[in-house]
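Worksheet: one structure, shown below.
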Amino acid sequence: MIHRILRYAVRVSLLVTGYSAAANPDTSEEWRFILLADWHWAEKYTQTERNPAGVAEAIAEDVASVRMIKQRYGGDLILMPGDSNGGHWDTPKFINANFPGATPEESILKAGKLCYEGMIDSFRKGGYSKLIMAVGDHEMGDNPWPQGSAVARCQPQFREAFANAFNRSRDGGRFLYEKPIGNAPSRPLGTKYQDTSYAYRHKNALFVTVDAFHQEDPNLRIGDEGSVTGTVVGLHLDWLESVLLEARKDEGIEHVFVQSHLPVIHPVRKVNSSGMLMDDGMDNPFWKLLRKYEVDIYFAGEVHANTVTKDPESNVIQLVSRGNFFDNIQTLDISDDKIEVTCYQHIGEKPSDGKYEVSGKLLIDKTTAETKIDGDGELALLDPSDRHFYFDFEETLLLEEHPIMGMKNRKKGDPRIIRGVRCSELIPNRGGFGSHYNAVAGNVALVDGARGLGGEFSKRSRMGVFGMGPLHGEYAASYALWIKTSSSGDMMLINTGSIWGTNLDQFFNLHLADGVPAVVVSDRQRLLGDGYKLNDGEWHHIAAVMPENGCRLSEVQLYVDGDLAKTRVVGGDLSLKFKQSVRLGFGGLNYSSSAFDNLGGSAFNGTMDEISIWTRPISREEVRSLYLK
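Position in the sequence shown (first residue = 1) + 102 = the numbering used here.
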């Protein structure tokens, strides 16, 4: 805050003394740049030598799409927070098809040169000569990175292939972003990140690009993703602080933007993503530096969806955005004291047709000593403490009239078909995650509920959320809902079984087992509410609360009709940690992988109402209020 107050005081002083900002064109000119995260369309360029005719049409469409963006939306440069390609260039399948006999190291360098130089050439032909890009997990071979594997061993080659194309002159010599920021070097010299992390001044803004894919030893597992994890440490972190410190000394730098690939603040919306996040969230020293030096926006990608969150202790904004195949683009209009972000969503058949509509706006206004931040639509600020999912069953919508982000033109499977049932309706999500998390539904009847209308479920009912989340790692979650049933069996109320893989663990389900409320976390372990038989044909309120991140199953709090229940663990206690490959389901398995057919649960037969989900512990008072309201 102190930096902003001082800058505001200087600006007022200059106005009072009659100083004209026009005398300094670097800081008075209004200008624009484009934001495009997770483009994911560059893999075809690896085929430009092997099958040029087969990719010529798609490459021409890239050029036409970029040209349309340049002509319609302009922009001095494009900021790209990672993930342009597939990147599985170390695998035997890719090598045998493209570079037979090559080593993984050789394959990566050859594929990277084709992929990145081809992509850059298409953007240049379309009108953009400057792409400021961060490495994503796909530029690093794609997660996970098992210790001892080729993809772990070849991290230096993935970096080299990327940096040679994006950050060096075409002959592989001169680094393009060498100009120091005050007394700080533009990049972390002497570290493995010196060619992929760098700072670049453009007009009145500083762009800091950070490679957050940390590896200590390719044979050492250091996190859930194997030998690589998301963090910034040591000399790399020291360099970042030196750059931010120098930026805040420079009166000509009005805005500081930092980009990397991984979101920091949880939760974020996710669509068809592994959903990797930065380690330790807002407790990471990386984030603490952004907060300390009052960075304006932290840009991230990875999750293929838009989420804007304000840091609770500062004005730092985390802007996580979607750019998949030009499906979304964002423009950022920059003046001395304002940052205006506009999100555009494609609604046509192909991006080059130019059929985009405004789907959200964000304004950061620094014209006074106290910064004002406001967003709407896709760029409305998300409150992490909010109730992100809330299904009140007061109406249904037609899926055809209210499309869900990421469902269009799916190559693998039709998401409208859930376990053999074609679904044409939506049950609106009134929670903070918004309409892209409306539940795809079929055979759920609206009947009298606990509060207004409720949803009546049977064996043929389906209700699943296509957007992914909100479970992630050790982060806490809380559930609450009303149920009414006379049926027996181990009925699923809320299901979070993974959409990938075969292991029946690391989920956080709520069941009703012959009338007994149960939190189920694997095919062997569950927490039961003792002394209850809730399948009596009456309405009952159930809540399940993790009291803190990474709590043990025995510590989960079960509430029945507003009161804390006595519980017991069956199958052994454990610390809770969840897979992030989750699409929420209600009343049955829904989008979970076929492996969960072996879990043993059954579809819910009865009525549900007022389903609510948070990514934090809710208090006893909140539970009581939900029951009594």
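Glycine included, every Cβ here is placed at the ideal spot set by N, Cα and C.
This one's a predicted model, so the numbers in the text were calculated from it and none came from an experiment.
Integer Cβ distance of residue i from residue j, believed to fall under 8 Å
i    : j    : result
A301 : I324 : Not quite, the Cβ-Cβ distance comes to about 27 Å (not below 8 Å), so this is no contact.
R489 : G556 : At roughly 18 Å, the Cβ-Cβ gap does not stay under 8 Å, so R489 and G556 are not in contact.
N187 : C217 : 5 Å
F610 : A579 : 6 Å
C256 : E219 : At roughly 19 Å, the Cβ-Cβ gap does not stay under 8 Å, so C256 and E219 are not in contact.
K586 : E640 : 7 Å
F495 : S714 : Their Cβ separation, rounded to whole angstroms, is 12 Å, which puts F495 and S714 out of contact at 8 Å.
I210 : A254 : Between A254 and I210 the Cβ distance is about 13 Å, and since that is not below 8 Å, they are no contact.
Cutoff 7 Å; reference residue i; Cβ partners in own chain excluding five residues on either side
i    : result
S224 : I161, D164, V165 and V168
L464 : V410, V443, G477 and L481
R393 : D413, E415, S416 and V418
N285 : E348
L116 : Unreliable placement is indicated for L116, whose pLDDT of 44 sits below 50; no coordinate value is reported for it.
S624 : L606 and D607
S437 : E132
E712 : D494, A552, R553, L583 and W584
D592 : H613, A615, G702, G703 and S704
V118 : Note that V118 has pLDDT 45, beneath the 50 cutoff, so the model's placement of it is unreliable and the number below is only indicative. The answer is none, since no qualifying residue turns up.
Identity of the residue in the options nearest residue i by Cα
i    : options                   : result
K294 : F277, E318 and V310       : E318
V662 : G702, L347 and W584       : W584
I222 : M235, A199 and H504       : M235
R350 : G377, G383 and A307       : A307
V672 : S727, P505, G631 and L211 : G631
D516 : Y693, T598 and G664       : Y693
Q259 : A213, P287, R303 and R276 : A213
W341 : G203, S288 and V330       : S288
V581 : Y175, A158, L346 and S721 : Residue identity check: residue 581 is Tyr in the sequence provided, not Val. Selected option, being the one with the closest Cα: S721.
I355 : G228, D398 and G377       : D398
Buried versus exposed, by CB contacts within 10 Å (16 or more), residue i
i    : result
R718 : buried
I449 : exposed
V360 : buried
Q296 : buried
I519 : exposed
P290 : buried
N245 : buried
P530 : buried
P369 : buried
E723 : exposed
H240 : buried
A615 : buried
V549 : exposed
R424 : buried
T604 : exposed
E576 : exposed
A199 : exposed
W191 : buried
Cutoff 6 Å; reference residue i; Cβ partners in own chain excluding five residues on either side
i    : result
I180 : I136, L138, Y230 and L233
F401 : P183, Q361 and L421
T298 : V237, R261, A265 and D313
G479 : S461 and G462
Y147 : L216, C217, G220 and M221
L629 : V621, L655, V658, T669 and V671
G177 : R134, F135 and I136
D429 : H448
S271 : none
S563 : N545, V546 and G689
M380 : G332, L364, V366 and N386
G599 : F609, S694 and F698
G508 : V373 and N374
W141 : S186 and G425
N126 : Legend: pLDDT at N126 = 45, less than 50; position of this residue unreliable, value from coordinates given subsequently. Correct list: empty, nothing qualifies.
Same chain, Cβ closer than 8 Å to residue i, five either side skipped, listed in chain order
i    : result
I475 : K412, N417, I419, L464, L465, I466, D467 and L483
G674 : R626 and Q627
G156 : Q149
H504 : L528, S537 and N540
L500 : S526, E527 and L528
V112 : Here V112 scores only 49 on pLDDT, less than 50, and its place in the model is too uncertain to base an answer on.
K440 : L465, I466, D467, K468 and T469
Take every Cβ of the region 556-572, pair it with every Cβ of the region 368-376, and state whether three or more of those distances are shorter than 8 Å. Flag = yes, the region 556-572 and the region 368-376 touch.
So, do the region 243-262 and the region 321-339 have three or more beta carbon pairs nearer to each other than 8 Å? Contact between the region 243-262 and the region 321-339 is established, with three or more Cβ pairs separated by less than 8 Å.
Examine the Cβ distances between the region 678-686 and the region 641-653 and report whether three or more of them are shorter than 8 Å. Yes, since at least three Cβ pairs between the region 678-686 and the region 641-653 fall closer than 8 Å, the two stretches touch.
Is the region 349-369 touching the region 700-710 in the sense that three or more CB pairs, one from each, lie closer than 8 Å? They do not touch, by the three-pair rule.
Between the region 697-704 and the region 538-553, are three or more C-beta pairs nearer than 8 Å? Because the criterion of three Cβ pairs below 8 Å is not met, the region 697-704 and the region 538-553 do not touch.
Indicate whether the contact test is met: 3 or more Cβ pairs, each with one atom in the region 377-388 and one in the region 324-336, closer than 8 Å. They touch, by the three-pair rule.
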